[in-house]
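Asks: After the structure tokens below, expect a handful of questions from me.
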Amino acid sequence: MRSRRGAAIALVAGGGAVTTMLVGLVTNAVSAQSHWPSWLGWLQKHPWLSFVMLGVVTAGLTALLAALDDHRASGRSPDPMVRPDDGSGPPGAALVLRSLPRDTTAFTDRSAELELLVSSVRASQENEEALPVHVIDGMPGVGKTTFAVHAGHVLSERFPDGQLFVNLNGHTTGRSPVQATEALASLLTAAGVPTQQIPVGDDVGAITEARAAMWRSRLAGKKALLILDNASSYRQLEPLLPGGSGCLVLVTSRKRLAVHEEVVLPVEALPPDHAVDLFIRLSGRSADTLDPYALEELVRLCGYLPLGVSLLAARLRHHPSWTAEDLSERLSAARDRLGELRAGERGVAATFGLSYRDLAPERQRFFQSLGFYPGTDLDAYVGAALGAVSLAVARQQLDALYDAHLINEHPGSRYRLHDLLRDYARGLADEGDSMDHVQAVQRVCAYYLAALAVANGHIVRDGAGGPPPPDGTSQVETPPMESRTAALGWLENERPNVLACIREASGLALHDLVIRLAAAMAPFLRQAGPWDQAVGLHRTAAQAARHTGDQRALAGALTELGVVRRFMAAYPEATEALNEAVTQYEAAGDRRGKADALNQVGIVWYLTADNDAGARAQTEALALYRELGDRHGQANSLADLGMVRRQTSRFEASVEAQSEALSIYRELGDRYGEANSLRDLGIVHCLMGEYALATQRQREAFDIYRELDDRVHQAYALNELGVVQRLTGDLEGAREAHTQALEHYTDLGDRFGRANSIRHLGVLDRLSGDAPTAIRVLEEALEAYRDLGSRGGEAASLSELGVARGLVGEQGGAVEAFQQSLEILRELGDRCGEAEVLNHWGTLLRTSGDPAAGRGRFEEALDLARDIRCPLEEARALEGIGRCDWTVDRPALAEGPLREAVTVYRQLGVSASVGDIERLLVSQAG
């Protein structure tokens with residue numbers, strides 16, 4: 023190879039000489055002062071022949087160079103270990119898991135380490151053995167992450183179900199290591215698990231175990247590759263390990279981790295010759311133009327670390343006038359100025375110092391400001407706030423820092439500092455005025471407040487209002503957010519960064535910023551969660567408000583805390599927070615805030631079936647809203663008051679309240695509130711036997727929820743539609759609606775809605791003749807309601823369980839269930855539910871040979887149903903009385919109540935029940 027290269031160089035050199043000579047002949051052909059000797063003189067006398075020969079030589083050289091290039095290309099052998107992603111993988115969820123960073127050109131030859139890893143994986147897979155955890159360890163800057171990412175790309179075809187990358191921040195200055203529970207949430211989200219389905223709670227250990235179990239379940243039976251980068255301890259990463267044997271885990275850390283059954287892959291500094299090759303390749307210079315002794319000194323000064331080598335090579339590439347000797351002298355002179363770094367990092371720090379000092383003064387200040395940023399990644403808008411510059415200047419500065427290899431570029435025009443560069447920038451920043459840190463955090467928090475005000479304009483309900491934008495932010499440049507979708511996307515991306523800024527502000531005692539940012543994030547966290555993070559945020563805000571003595575701010579934080587606790591079904595904690603909020607608002611003289619807190623605590627009391635307390639809270643809130651002229655608050659209280667009245671079987675009063683709320687929502691253009699009132703009106707109309715109107719209201723509500731892309735409330739509307747379909751005899755349609763609702767609830771992690779769907783499906787199983795399945799399903803719903811503390815749901819499940827147990831001959835169990843259900847319903851004041859249970863109990867007694875006792879239960883149910891105007895239970899009670907009389911051979915006495923039942927059933931449109939009774943009456947007439 024070397025001889026061929028030498029021959030090629032000689033031919034090119036000779037051709038160049040001939041070309042030069044011919045050019046000289048041509049240019050001197052007309053000169054009378056210079057004469058060429060021998061045969062060259064003849065060429066001088068015939069200059070046109072020189073042009074011809076020049077063309078021939080040029081063409082020959084071109085052909086020769088092309089041939090040499092083709093030969094070199096054909097002789098090149100691609101790295102057999104590299105398998106590029108051809109995009110042929112299966113579509114769907116697996117694609118979501120392909121999140122490896124791109125492979126980098128800075129990777130240099132580590133064939134020994136790579137072969138060791140590939141051989142280990144190949145042997146385990148061929149022997150069908152469990153893949154051990156592979157720990158890649160080494161000193162900072164040695165290229166652990168680069169090696170892991172490169173290995174991930176090489177091995178990607180062996181793990182078709184996905185490749186994931188997670189930075190655990192084990193050794194990131196100014197940032198705490200990522201907790202296992204947080205990392206699991208990110209992994210589950212990347213694997214397609216909706217945020218609302220990820221387990222949450224106060225017990226970190228229990229939540230970590232639950233999330234780890236879900237993560238292991240998602241990867242069960244799959245072949246996936248997981249890179250856990252920058253781990254601090256085995257305890258941190260253990261919950262993240264898949265349970266299956268087919269997944270490969272690569273761990274990088276600056277520590278030597280004690281991992282059970284691990285394979286340790288130590289990544290040492292590059293061999294000197296490899297480091298030199300990497301430098302030459304990245305510098306863009308020919309090896310012949312670089313002094314070999316200077317190159318050896320440069321890579322030695324970098325500690326043979328790939329990070330330092332790549333940064334230094336980039337400096338030489340961007341300074342064409344510099345030589346390797348110049349750069350070596352500069353680096354040698356700069357080494358001692360960063361002596362505060364550990365010896366193992368000295369070369370890397372010196373490289374950073376050289377790159378930093380090469381920046382213009384304003385760019386140096388901008389780079390320093392990045393060290394104050396508490397978030398993970400940033401865009402030009404954040405950069406502008408940190409650096410106190412315009413957006414255009416921030417973009418220029420970020421681009422320049424990227425070109426200087428001082429920051430990394432990520433998708434979506436975002437940037438991230440490497441861990442060591444973050445340390446370096448923070449160290450530089452700490453050398454300045456301590457107030458610089460505070461002011462930088464204040465600026466970035468002000469930016470986020472301005473951007474959140476724009477985002478909240480799209481996601482907060484029409485007419486509901488949102489946190490007001492802060493003073494002095496009108497000139498702050500914010501990202502364009504033209505739609506709800508764009509706003510939600512921005513919020514999703516920036517959520518961890520905003521929360522990190524709030525923590526930083528709290529640590530700097532910037533209490534007002536903590537309070538404002540928490541309030542601005544509240545609308546999004548209500549909708550998207552994670553709710554455990556929201557709880558922590560609002561607790562921090564409440565603590566900040568206590569520090570400042572701001573009662574109004576404290577009440578606002580407590581209100582948001584109570585709302586999130588309600589979402590988590592932590593009703594006692596929600597009640598405690600909201601009651602304190604009411605007290606604080608009252609002390610601060612904030613009537614609107616007090617009304618808001620009363621409205622929210624009233625909802626909690628409704629959910630826990632404390633109907634008297636719920637009605638009092640909503641009535642007081644309504645009065646305050648009317649005094650204030652707050653139309654939206656009036657609508658909210660009326661709607662929630664309507665639900666309390668419906669739950670206590672005051673149907674006409676419920677319709678009145680909900681209808682007034684609906685009118686106000688429509689007046690304000692609040693589509694979400696309009697849909698909620700329509701849905702609850704549908705429920706009331708169903709209870710009143712007005713099934714056609716109930717169906718209409720539920721379909722109207724569903725259409726609005728779909729327009730708003732609100733899957734949770736779509737599911738609620740589907741469940742209510744299913745109930746109407748069941749009552750009107752469309753069991754197949756009802757099952758389809760409840761099943762679809764169950765899928766929504768399961769995906770979204772809504773436990774209460776899921777329990778409702780399961781209960782409704784259990785009723786359908788019973789009506790379809792499958793009592794054993796109905797019992798199993800209803801017991802599942804009962805357990806869920808008890809876990810949630812839902813007394814109303816518990817009573818409804820017990821009622822249906824009593825019916826199903828009676829069908830399989832478990833009369834004792836059926837009676838016990840009816841008794842427990844009645845006890846709860848009477849405590850709740852749900853008289854319609856009480857009438858339904860009495861009708862079920864009467865049917866059990868009649869069919870088990872005690873029609874007299876059964877008739878007594880039916881008569882109780884009839885009195886209740888007529889008193890509260892519940893026509894369905896009235897018809898069922900009349901039918902039960904008639905059938906009891908029929909059973910004891912009193913058909914003449916039975917005919918009256920049976921015909922009354924037929925009349926009511928016909929009014930309701932319950933044709934199946936009408937047919938059954940008419941057939942019975944016809945048999946008597948015959």
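Position one of the sequence shown corresponds to residue 23 (this note's numbering), numbered consecutively onward. For each residue, glycine too, the CB sits at the ideal point set by N, CA and C. If you're wondering where the values come from, they're calculated on a predicted model, not measured in any experiment.
Which word fits residue 148, buried or exposed, when buried means at least 16 other C-beta atoms lie within 10 angstroms of its C-beta?
Replies: The residue is exposed, with fewer than 16 neighbouring Cβ atoms inside 10 Å.
Asks: Three or more C-beta pairs under 8 angstroms: does that hold for the region 766–775 against the region 208–224?
Replies: Because the criterion of three Cβ pairs below 8 angstroms is met, the region 766–775 and the region 208–224 touch.
Asks: For residue 187, report the span of its beta strand (DSSP E) as first-last.
Replies: From DSSP, the beta strand (DSSP E) with residue 187 extends over 185–189.
Asks: What distance in whole Å lies between the Cβ atoms of residue 408 and residue 462, which are believed to be in contact at a cut-off of 8 angstroms?
Replies: Correct: roughly 5 angstroms between the Cβ atoms.
Asks: Buried or exposed: where does residue 368 fall if 16 or more other Cβ atoms within 10 Å of its Cβ makes it buried?
Replies: Any reading at residue 368 needs caution, since the residue's pLDDT is 40, under 50, leaving its predicted position unreliable; the model's value is listed next. It counts as buried.
Asks: Residue 339: which of 308, 725 and 473 sits nearest, CA to CA?
Replies: If we check each option's Cα against that of residue 339, 308 comes out closest.
Asks: For residue 457, does the count of other Cβ atoms within 10 angstroms reach 16, so buried, or fall short, so exposed?
Replies: When all chains shown are included, residue 457 counts as exposed.
Asks: Can you list, in chain order, the residues of its chain whose CB lies under 7 angstroms from that of residue 417, leaving out five sequence neighbours each side?
Replies: Counting only Cβ-Cβ distances below 7 angstroms, and skipping sequence neighbours, we find 402.
Asks: So, helix, strand or coil for residue 156, using DSSP?
Replies: In this structure, residue 156 counts as strand in the three-state DSSP scheme.
Asks: Which of helix, strand or coil does DSSP assign to residue 593?
Replies: Here residue 593 sits in helix by DSSP.
Asks: Got a sec? Which residues, its chain only, sit under 6 angstroms from residue 595 by beta carbon, not counting five neighbours each side?
Replies: If we look at residue 595 and ignore the five residues flanking it on each side, its Cβ neighbours are 587.
Asks: Excluding the 5 residues flanking residue 882 on each side, which residues of the same chain have their C-beta closer than 6 angstroms to its C-beta?
Replies: Closer than 6 angstroms at the Cβ level, and outside the excluded window around residue 882, lie 860.
Asks: Where does the unbroken alpha helix (DSSP H) through residue 403 begin, and where does it stop?
Replies: Unbroken alpha helix (DSSP H) run through residue 403: 402–409.
Asks: I need the straight-line Cα distance from residue 780 to residue 754, nearest angstrom please.
Replies: In a straight line, the C-alpha of residue 780 is about 15 angstroms away from that of residue 754.
Asks: Restricting to Cα atoms, I'd like to know which of 292, 294, 272 and 297 is closest to residue 286.
Replies: The shortest Cα separation from residue 286 among 292, 294, 272 and 297 belongs to 272.
Asks: Just how far apart, CA to CA, sit residue 530 and residue 579?
Replies: Those two C-alpha atoms are separated by around 19 angstroms.
Asks: Do residue 742 and residue 688 have their CB atoms nearer than 9 angstroms?
Replies: No, Cβ-Cβ distance for residue 742 and residue 688 is not below 9 angstroms.
Asks: Could you give the first and the last residue of the continuous beta strand (DSSP E) run that contains residue 438?
Replies: Start and end: 436–438.
Asks: Which whole-angstrom value describes the C-beta separation of residue 313 and residue 346, a residue pair presumed to lie in contact below a C-beta threshold of 8 angstroms?
Replies: Rounded, the Cβ-Cβ distance is 5 angstroms, consistent with contact.
Asks: Taking the CB atoms as reference points, tell me whether residue 888 and residue 896 lie closer together than 9 angstroms.
Replies: Contact flag set, yes.
Asks: Check whether the Cβ atoms of residue 638 and residue 612 sit closer than 9 angstroms, and answer yes or no.
Replies: Taking 9 angstroms as the Cβ cut-off, residue 638 and residue 612 do not qualify as a contacting pair.
Asks: If we count the other Cβ atoms within 10 Å of its Cβ and call it buried at 16 or more, is residue 344 buried or exposed?
Replies: Flag for residue 344 reads exposed.
Asks: I believe residue 577 touches residue 619 by the beta-carbon criterion, under 8 angstroms. Please report the beta-carbon distance rounded to the nearest angstrom.
Replies: Sure, about 7 angstroms apart at Cβ, within 8 angstroms.
Asks: Quick one: grab the DSSP three-state call for residue 101.
Replies: Here residue 101 scores only 37 on pLDDT, less than 50, and its place in the model should not be relied on; the value that follows carries that caveat. It is coil, neither helix nor strand.
Asks: Tell me the DSSP secondary structure of residue 252 in three-state form.
Replies: Coil, per DSSP.
Asks: Report back the beta-carbon spacing between residue 739 and residue 720 to the nearest angstrom; my notes put them in contact at under 8 angstroms.
Replies: Sure, about 5 angstroms apart at Cβ, within 8 angstroms.
Asks: Cα-Cα, which of 866, 227, 333 and 317 is closest to residue 350?
Replies: Of 866, 227, 333 and 317, the residue nearest in Cα terms is 317.
Asks: DSSP on residue 749, reduced to helix/strand/coil?
Replies: Helix, per DSSP.
Asks: Measure the CB-CB distance between residue 870 and residue 828 and report whether it falls below 9 angstroms.
Replies: Yes, these two residues count as a Cβ contact at 9 angstroms.
Asks: Measuring straight from C-alpha to C-alpha, what distance separates residue 104 and residue 514?
Replies: Because residue 104 carries a pLDDT of 31, less than 50, the predicted location of this residue cannot be relied on, and the following value inherits that uncertainty. Between residue 104 and residue 514, the C-alpha separation is close to 35 angstroms.
Asks: Please list the terminal residues of the continuous alpha helix (DSSP H) segment that includes residue 314.
Replies: Run containing residue 314: 314–323, per the alpha helix (DSSP H) assignment.
Asks: Measuring CB to CB, does residue 642 end up less than 9 angstroms from residue 664?
Replies: No, the pair does not count as a contact, with Cβ atoms beyond the cut-off.
Asks: Taking the alpha-carbon positions, what's the residue 942 to residue 923 distance?
Replies: Cα to Cα, the separation comes out at about 13 angstroms.
Asks: Can the beta-carbon of residue 880 be found less than 9 angstroms from the beta-carbon of residue 854?
Replies: Contact flag unset, no.
Asks: Assuming residue 969 and residue 660 are in contact, meaning their beta carbons sit under 8 angstroms apart, how far apart are those beta carbons, in whole angstroms?
Replies: In the structure as shown, the chain starts at 23 and stops at 948, and residue 969 therefore has no counterpart that could be examined.
Asks: Going by DSSP in three states, residue 933 sits in which element: helix, strand or coil?
Replies: Correct three-state label for residue 933: helix.
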